[in-house]
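Numbering-wise (the working numbering), the sequence shown opens with residue 675 and increments by one. Here's the structure we're looking at; comments come further down.
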Amino acid sequence: MAQGSDVKLGQLTRYIFTAPNWKRSLILIVLLGLIIDGANARAWLNLPFTSSVGLILPSVVSNYLSLPEKFLFSGTLAFTIPAIAALVLTKPIIEYTGKTMTWNRSALLALACTVFGVIITLAPLTISLKLIPLFYAISLGFIFGLRLFVLVAIADYRVPRMIVPALTQSGVGILAGMLLFSPSFAVFALVLHIVFGLGFAILIWMIERPLQRAFKIRGLAFINAFIAHMTDGSKGMEDFFRSIGEEIFVPQVSFFFRRENKKPVIFTVPNLHPGPMGEIGGGNLPKILHDNFNDETLVAHGCATHDFNLVSESESYKVIDAINKSRQDLTYSGGAGTSARFRVGTVQVLCQRFGDSVLLVTTRSPHKTEDLDFAIGSTIMAEGHRCFPHVGVVDAHNCMTDLSSPVLLATLTAKEYQQASADAIEACRNMPLHPFHIGVSHLTLPYSREQGFGDLGIQVLVVEVAGQRTAYVLIDGNNMAEGVRDTLLDSILTITDNAEVMTTDSHVVNTITGKNPVGMQVPVSEFLPFVMKAVREAADDVTLAESAASTAQCEHIVVFGSNRISQLASTVNAMLVFVAPLSLAMLLLAFILSLIAYGVMV
675 MAQGSDVKLG
685 QLTRYIFTAP
695 NWKRSLILIV
705 LLGLIIDGAN
715 ARAWLNLPFT
725 SSVGLILPSV
735 VSNYLSLPEK
745 FLFSGTLAFT
755 IPAIAALVLT
765 KPIIEYTGKT
775 MTWNRSALLA
785 LACTVFGVII
795 TLAPLTISLK
805 LIPLFYAISL
815 GFIFGLRLFV
825 LVAIADYRVP
835 RMIVPALTQS
845 GVGILAGMLL
855 FSPSFAVFAL
865 VLHIVFGLGF
875 AILIWMIERP
885 LQRAFKIRGL
895 AFINAFIAHM
905 TDGSKGMEDF
915 FRSIGEEIFV
925 PQVSFFFRRE
935 NKKPVIFTVP
945 NLHPGPMGEI
955 GGGNLPKILH
965 DNFNDETLVA
975 HGCATHDFNL
985 VSESESYKVI
995 DAINKSRQDL
1005 TYSGGAGTSA
1015 RFRVGTVQVL
1025 CQRFGDSVLL
1035 VTTRSPHKTE
1045 DLDFAIGSTI
1055 MAEGHRCFPH
1065 VGVVDAHNCM
1075 TDLSSPVLLA
1085 TLTAKEYQQA
1095 SADAIEACRN
1105 MPLHPFHIGV
1115 SHLTLPYSRE
1125 QGFGDLGIQV
1135 LVVEVAGQRT
1145 AYVLIDGNNM
1155 AEGVRDTLLD
1165 SILTITDNAE
1175 VMTTDSHVVN
1185 TITGKNPVGM
1195 QVPVSEFLPF
1205 VMKAVREAAD
1215 DVTLAESAAS
1225 TAQCEHIVVF
1235 GSNRISQLAS
1245 TVNAMLVFVA
1255 PLSLAMLLLA
1265 FILSLIAYGV
1275 MV
């Protein structure tokens, strides 16, 4: 089976890291300069000038790059001052153009360039001190090219706009070189700036080509948008998703419950995916749907993979409109059947009939459970339409061991889902109907998104039929850690006869990958009391009810599209594999051109 979208996206996380505090980077920059100055001072005091193994430079390096007699090389002047200038100037220059840059990133970039500058400059110490001016000039050219590359990636993909902020560190370095060596040093250093600048510009063009050809999007512009989202919550990524998206038409089954003098309830099952991450696209789809209805609305997870991620939050309102249209002229029924559970292989289905409709809640726990492809849900619904006009198929999404592939049609697991659902549908077809009661509760939790809990907290629907009580527990989160569902059920079943624990699959709890399940950050023993409180409140709320169901036709919903997210992640992964060899080849070429330029100019 092909790797799932979450897995492919997860592979990209190894390239993501958080910049340390700018103060830490600044301290290291200063220390580097002082260490070099200390080494110079010791060599100057203790060793003859002509045999020094420190950084004391000879009187004449070449006819072009010359030094005064007995001149001491200064690490502070050559490395620290240019780095501090870059740290201070980069952020305001970039933000003047309307883009985002943090002090931490500015400082880390200055520190990294300082380290590279020191390494390159001091590389010829074991060969000849006469080469230090040449290698210092090469280091400045490399620093300019590297800063240009990084700033284009993290701030603004438009190369011309990043030339000035990229030049801040090496530009001050040129001034330092003029003081350390000779005024003519500037000419040679500027030539190397052109060489390395062109080299890195070509590298940028080569890196962008795969995404440009495959998706007609600028790869670095996409990275800019991603970083802006991580930094200040920008939704610029949605423009990229819309450009590669496609329209789909999917059904959405909703169960409407009404009670006298009580708040009505909706249990709806979107066949759309609440992703890809954070507030981007449909990442907070469950809460958006919940907040746009006056009824207490439970938004379960239907059959959909990352291919069905909404490209923007605005697409959610098409779903809301479709649900509102489908609830017009509903015919309510006062009858429901008792719940039952069926198992085929690794798959369990909790089913319950409401009037002329049926609700199926599927799970593979304790086996890992990932997204079900829409085709599986569609075939189950089609099979169920022989008996019921409305068939709601829920992926409980309640057991995660690791990021894994979605369940696809024609696999053994898919056949188990289909057969277990078919058995449940057939049983519900002959299930006698009785008057029923429902109770509902909604409890917010004192946990954050980073801890695996979405904004909605816990919602519970308790259905009582012929003395049997069934609890549908819905936690706003993205899957559950292995074993959490079973621990919760053991306690819930002490006060109800049947139950299932589900998650909404909300991706607001994820900023990069899909791995932040309920119970991974907060132990189940800690939030179990909240779950039990919600179940008891719903059980105490049971009131005689009626139900109706509808199948909304959600039309022209723009989503990522079939296999698009997988293709996008695969393209980026493949592209990153070639970045290192391409960069090395480009640097070798630039180095050779530097030597040629040196030979010509001297």
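The beta-carbon is built from N, C-alpha and C at its ideal position, and this holds for glycine as well.
DSSP places N1172 in the uninterrupted beta strand (DSSP E) bounded by 1172 to 1177.
Contact check for L1130 and T1177: beta-carbon distance about 11 Å, past the 8 Å limit, so the pair fails to qualify. Per DSSP, E1156 lies in no beta strand (DSSP E) segment and is marked neither H nor E.
Put simply, the backbone Cα of A827 is about 28 Å away from that of A860. Looking at the backbone, the Cα of L702 and that of E987 are separated by about 43 Å. The C-beta separation of S748 from L854 comes to about 7 Å, placing the pair in contact by the 8 Å criterion.
Between L872 and the set M1074, I758, F823, N945, the nearest pair of CA atoms involves F823.
Using a 10 angstroms sphere on the CB of P944, the tally of other CB atoms reaches 16 or more, which defines it as buried.
For T1118, the closest C-alpha among the options G1058, I768, V1137, L1148 is that of L1148. Setting aside the 5 residues that flank it on each side, H1041 is surrounded in the same chain by T1020, C1073, each with a C-beta closer than 8 Å to its C-beta; the list follows chain order. Within a 10 Å sphere around the beta-carbon of E920 sit fewer than 16 other beta-carbons, which makes this residue exposed. Taking all protein chains shown into account, L705 has fewer than 16 neighbouring C-beta atoms within 10 Å of its C-beta and is therefore exposed.
As summarised for the region 1058 to 1095, the continuous beta strand (DSSP E) elements at least 3 residues long and confined to that stretch are 1064 to 1069, given in chain order. Taking C-beta atoms as the reference points, A1140 and I1166 fail to come closer than 7 Å. DSSP places Q1002 outside both helix and strand once states are collapsed to three, so it counts as coil. Residue state for H1108 is assigned as strand, using DSSP reduced to three classes. Sorting W777, G955, E1174 by C-alpha distance to the C-alpha of Y991 places G955 at the top. In this structure, DSSP gives Y991 a helical state, which the three-state scheme calls helix. About 6 Å separates the Cβ atoms of T1185 and M951, confirming a contact at the 8 Å cut-off. For Y1146, the pairing in a beta bridge is given by DSSP as L1135, E1174. Looking at the DSSP output, H947 bridges to N983. In this structure S1095 is not in contact with E1044, their Cβ atoms being roughly 17 Å apart against a cut-off of 8 Å.
Inter-residue distance for A888 and Q1241 is about 9 Å (C-alpha atoms, whole angstroms).
Collapsing the DSSP output to three states places L1130 in coil. In this chain, C787 is not harboured by any beta strand (DSSP E); it is covered by the alpha helix (DSSP H) spanning 777 to 796. Scanning its chain for C-beta atoms nearer than 6 Å, with the 5 sequence neighbours on each side dropped, one finds around F931 the residues V939, I1112, A1219, S1221, in chain order. The Cβ neighbour count for N1104, taken over all protein chains shown within 10 Å, is under 16; the residue is labelled exposed.
For P857, there is no enclosing beta strand (DSSP E), as DSSP marks it with neither H nor E. The beta carbon of G791 lies closer than 6 Å to those of F753, S813, I817 in the same chain, with the five residues before and after it left out. Taking all protein chains shown into account, R821 has 16 or more neighbouring C-beta atoms within 10 Å of its C-beta and is therefore buried. With respect to the 7 Å criterion, L751 and A784 are not classified as neighbours on the basis of their beta carbons. Residue range 806 to 828 is occupied by the alpha helix (DSSP H) that includes A811. Per DSSP, A1212 is one residue of the alpha helix (DSSP H) stretching across 1198 to 1214. For the options Q926, R892, Q1195, the alpha carbon positioned closest to that of S1052 is the one of Q926.
A direct Cα-to-Cα measurement between A1070 and F1110 gives close to 24 Å. For P960, the uninterrupted alpha helix (DSSP H) segment begins and ends at 959 to 965.
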